[in-house]
Amino acid sequence: MSLSGLEKEKDRPEGWNRPRLIEPDGEGELLEIAMGPHHPSTHGGFRMDVALDGERVIRLKPVFGYLHRNHEKIAEGIGYLGSMPYTDRLDYICSLTNNWAYALAVEKLTGQEVPERAEYLRVILGELTRVQNHASSIGFLIQEMGASGTPLMYAFREREKILDLFEGLTGSRMMCNYMRFGGCRVDAPEAWLTAARKVVAGLPGFVDEVDRLLTGNEILMARTQGVGVLPPELAVNAGVTGPMLRASGVNYDIRKVDHYGIYDRFNFRVPLGDHWDVYDRYMIRMLEMRESISILEQALKDIPAGPVMDAKAKIRGFRPKPGEAYGRIEAPKGELGFYLISDGGPNPYRYRVRPPSLINLTVLEDMCLGSDVADVVLIFGSVDIVLGEVDR
Amino acid sequence: MLGEGILKGLAETAKNFAGSFVSAERMTTVEYPEERIAPIEAARVFPFLVYDGTDWESGMRCVACQICEKECPPKCIYIEKSKDKKPDAIGKPQFYPAKFDVDIAVCMSCQICVEVCPFEAIKMDTEFELSTDDRFGGLLLDREELSKSNEYYHQIHPTEAAVVDARLTEGRAKADAKTTAAAITGAIRGAEIPKRPAEGGD
Amino acid sequence: MKTIEEIKAAIEAAVPGAGVEVVPNASPSGQHSLRLEPSHAFEVAKFLRDDAELALDFLSNATGVDWPDKEVTEKVKVKRLVTKTVDGVEQSAEETVEESRKRVEPGCLEVVYHLFSMAKKHGPVVLRMKTVNRTDNVELPSLTPVWRSAELQEREIFDLFGIVFTGHPDLRRLLMWDAFKDHPMRRDYVDPDDYEYEPTAHEQVLARAAAHTAGEQIAGASAGAIPGGGQEGIGGK
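Given below as structure tokens:
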């Protein structure tokens, strides 16, 4: 990035919803630094070209593509089922919700029904995924603040238990590849459900522990409160979704809005932030974990017996009729959508992933402008991204 | 009081520190390779080919229909169909794979080959200690290296294997009944016994 | 929420001459879309966002679709003057003959937007726009000034499909590097053959790698080890 190239940005078109533009104060030299792609806080290959006036950030340009593998092109060259294992590799922390979003989009395209037990299993696995994602994202956020290790290891200790559950059911800890069009791949044996109940029973204790460890911590509050403020109007206009959006005080949870799956049956609340800053994002994730645990308890209590696959579902020779569909779910990181166009062939004509991680980064510059360079890492961490999904 | 939150947090870490020495549930480290965790039934690493009986070549269930090769997302399977047919486990003449290679350097352990196989011929192994110093040859497994007996399959995935065996027995019984019925009709008409149509995918 | 026809009527009332067209969707999802005239798209987008009843304040997804030129064979009935000789006398008569003709349907690039409303909690409303062709006239108006969430997504479409968005504040490649020439998501995109591919048991891949190495004239056993090693591997033990 060269500063001269950015000068023209002053003439922004009308309607350009940018809250503020920081001007250098004219004293001293400006410093341009490239944070990343090897910066440890970027969780992968990601670069921020930052222009600094002293410690203050006056420009920030994210640079993408270090992990780009053209997932969408690959998917257009293989069958519908063949893309399922590749969706695991988008947001590799939450492979099960990726599976779910893709299965949901294909089910919308074909009009397939999902048996009740499979819906319950999807909810259980999806909420377990949410808990472990939020736990590890809080751990990473605190790690980026400088608390090396301890909170992250607490989060990983709990995540380990959940990953063991995933491995016991799906055969893989992270690349689960579990959901299918019209259900789930294998049924959960009773022993697995018992183990899941045991893990879920231990989760509230874990959240309480993290609460005691962090929530009242003065250093955490000093570093995060009032940092990286994202006003709700901008958040909505910029398509920010997930905990980021709710931390900005916008009541929009796709589980409540779209009523996909069987989320209607569960009693849960949507936490909202009122300061719109990094601390709110932390708090929202903590509260969402509690709500997820409550959903898990309800789902594990009510899960009925029955088949887990639609009897009419086809594994070989799967060819949806021509048409298109957009299916979306509330993934732990935001709205994960899949847009599919079928031309009647065995491969999708067009396969598009709407990546929440990428679109949530639209507002990264807006949140960072004017703050100290040390806070950039914190703000970036509070967005909670996975580069596998950003670059696809 | 300023610093109260920090002290609370420190009390929490102190409790965890002490707990990690006392509570048995917290001592979860397994000293691999001397110690190992119990095998996980659902685990999947790389595919293998199942054979019935004792001889891998004659008992191989694979009939080289090439569905798995077509469906494999990273395209790590390579099959060459045989020119001739040989009798399979139940004595029915079938094609067999003259060549069946799996490049486990490319395989991503997704199990789709297992799901699409109509003959229960390919299953997932749980063997993971496969490191080799030969990057190209050592990670390209041919059909002999891939062949494992049905007994081995029962050993690593007992529940799944029992279901598969029940399904196969049922299929064979049905096929036998059909052949017998056809033989009777054939004998009445004095005609030849009609061959069962070759099984295939969709 | 309003039906697609009602939305179309509302747009036409608000933006005269908008030229909105309903594109039906045959799949069970029932997500029909509206095709906009690029020249009026910006006003229509603003109307959809600001209208109190629709309030489509959230652009969720923006993506491109490539429709390459298609060769269509169709049967056409043609009237032709046929000269026949009947009883030694030449006679001309009109006859209807069926002919099969090949016609090239010109392709285009399309961009699809999925809109939702966070205020009213409804959606999706699907908008589409088409470019004139796929080569030299690939400009479409950018909707980024209306919805910021299109900023990175339109950059991605520009990068992968080559649609040029006029009015986009910062139109650069997003995922590919700046010096990259082609647009990889187009359906006629050809993979380069010079990347280092893991040797798989597939002959095409090996042949391609071998051909490329031969073309480069790399001498020595070590340089040829990658494709050669794979070929030996195929031979098996």
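Protein sequences appear in the order of chains A, B and C.
Going by my numbering, the first sequence opens with residue 954, and the numbers climb by one from there.
Going by my numbering, the second sequence opens with residue 276, and the numbers climb by one from there.
Going by my numbering, the third sequence opens with residue 165, and the numbers climb by one from there.
Beta carbons: idealized from backbone N, C-alpha and C, even for Gly.
Practice task
Starting from the beta carbon of V1189 (chain A), find every residue of chain C whose beta carbon is closer than 7 Å, and list them in chain order.
Solution key: D221, F222 and M282
Exercise for the section: Taking C-beta pairs closer than 8 Å, name the residues in chain B that T1123 (chain A) reaches, listed in chain order. Expected result: A317
Handout entry: Nonlocal neighbours in the same chain, by C-beta distance under 6 Å from G328 (chain B), ignoring five residues either side
Key = G334
Problem - Option nearest R1269 (chain A) by Cα separation, candidates A:V1306, A:W1145 and A:F1134 - result: A:F1134
Practice task
Using alpha carbons as the reference points, say which of A:L1314, A:P1104, A:V1139 and A:S1036 lies closest to E1120 (chain A).
Solution key: A:V1139
Handout entry: A318 (chain B), DSSP secondary structure in three states
Key = coil
Handout entry: Delimiting residues of the beta strand (DSSP E) encompassing W1145 (chain A)
Key = Segment E1143 to V1163 is the alpha helix (DSSP H) holding W1145 (chain A); no beta strand (DSSP E) there.
Problem - Chain-ordered residues of the stretch 1054-1077 of chain A with a beta carbon less than 8 Å from chain C - result: K1061, L1062, T1063 and G1064
Problem - Expected contact under 8 Å - CB spacing of V1163 (chain A) and M1239 (chain A) to nearest Å - result: 7 Å
Problem - L1314 (chain A) and E1097 (chain A) closer than 7 Å at C-beta - result: no
Exercise for the section: Spatial neighbours of M988 (chain A) within its chain, please: CB distance less than 6 Å, with the 5 preceding and 5 following residues excluded, ordered by chain position. Expected result: M1001 and V1003
Problem - chain A within 7 Å of E390 (chain B), Cβ atoms only - result: yes
Exercise for the section: Can you grab the Cα-Cα spacing for the pair L1248 (chain A) / A1071 (chain A), in whole Å? Expected result: Rather than Leu, the amino acid found at residue 1248 (chain A) in this sequence is Ile. Their backbone Cα atoms lie some 16 Å apart in a straight line.
Exercise for the section: Run the CB neighbour count on F403 (chain B), radius 10 Å, all protein chains shown included, and call it buried at 16 or more, exposed below. Expected result: exposed
Practice task
Counting only the same chain and skipping the five closest in sequence on each side, list residues whose C-beta sits under 6 Å from that of E1111 (chain A).
Solution key: A1088 and F1159
Problem - Sub-7 Å separation of T434 (chain B) and V320 (chain B) beta-carbons - result: no
Exercise for the section: Would you check if the distance between the CB atom of A177 (chain C) and the CB atom of P1275 (chain A) is smaller than 7 Å? Expected result: no
Handout entry: Where the stretch 1311-1322 of chain A meets chain C: residues whose CB sits under 8 Å from a CB there
Key = L1311, I1312, L1314, T1315 and V1316
Practice task
Just the C-alpha distance for D251 (chain C) and V261 (chain C), rounded to the nearest angstrom, thanks.
Solution key: 23 Å
Problem - Validate contact between the stretch 1227-1243 of chain A and the stretch 1296-1308 of chain A using beta carbons, cut 8 Å, 3 pairs - result: no
Handout entry: Under 8 Å by beta carbon: chain A residues contacting M383 (chain B)
Key = P1038 and M1128
Handout entry: Members of the stretch 1073-1104 of chain A that neighbour chain B once the beta carbon cut-off is set at 8 Å
Key = T1103
Exercise for the section: Could you name the residues of the stretch 202-220 of chain C whose beta carbon sits closer than 9 Å to any beta carbon of chain A, in the order they occur along the chain? Expected result: K210 and R213
Problem - Sequence-distant residues of its chain with Cβ nearer than 8 Å to V1316 (chain A) (five each side left out) - result: L1183, L1187, A1188, A1191 and V1193
Exercise for the section: Check Q1178 (chain A) in the structure and name its three-state DSSP category. Expected result: coil
Practice task
Out of A:E1288, A:A1175, A:C1137 and A:S1201, state which residue places its alpha-carbon closest to the alpha-carbon of D1390 (chain A).
Solution key: Only positions 954 to 1345 of chain A appear in the structure, and residue 1390 (chain A) is not among them; the question remains open.
Exercise for the section: Using a Cβ cut-off of 8 Å, pull out every chain C residue sitting near P1275 (chain A), in sequence order please. Expected result: A190 and S191
Problem - Neighbour flag for V1210 (chain A) against chain C, beta carbons, 7 Å - result: yes
Problem - L1081 (chain A) versus V1153 (chain A): straight-line alpha-carbon distance, rounded - result: 8 Å
Problem - DSSP bridge partner residues for G1280 (chain A) (one or two, in chain order) - result: A:F1291
Problem - CB contact check: T364 (chain C) to chain A, cutoff 7 Å - result: For T364 (chain C), the pLDDT reaches just 49, beneath the cut-off of 50, and the residue's location in the model is therefore unreliable, although a value from the coordinates is still provided. False, the Cβ-Cβ gap to chain A never drops below 7 Å.
Handout entry: For V1343 (chain A), the three-state DSSP class (helix, strand or coil)
Key = helix
Practice task
Give a single yes or no on whether R301 (chain B) has its beta carbon closer than 6 Å to a heavy atom of the ligand NAD.
Solution key: Of the ligands one can find in the structure shown there are none, so the ligand NAD has no counterpart to examine.
Problem - CB of Y1279 (chain A) within 7 Å of CB of H278 (chain C), strictly - result: yes
Problem - Length of the line joining the Cα atoms of E274 (chain C) and S1295 (chain A) - result: 15 Å
Exercise for the section: Would you grab the beta carbon distance between I431 (chain B) and L405 (chain B) for me? Rounded to a whole angstrom, and I think it's under 8 Å. Expected result: Not really, about 15 Å apart at Cβ, beyond 8 Å.
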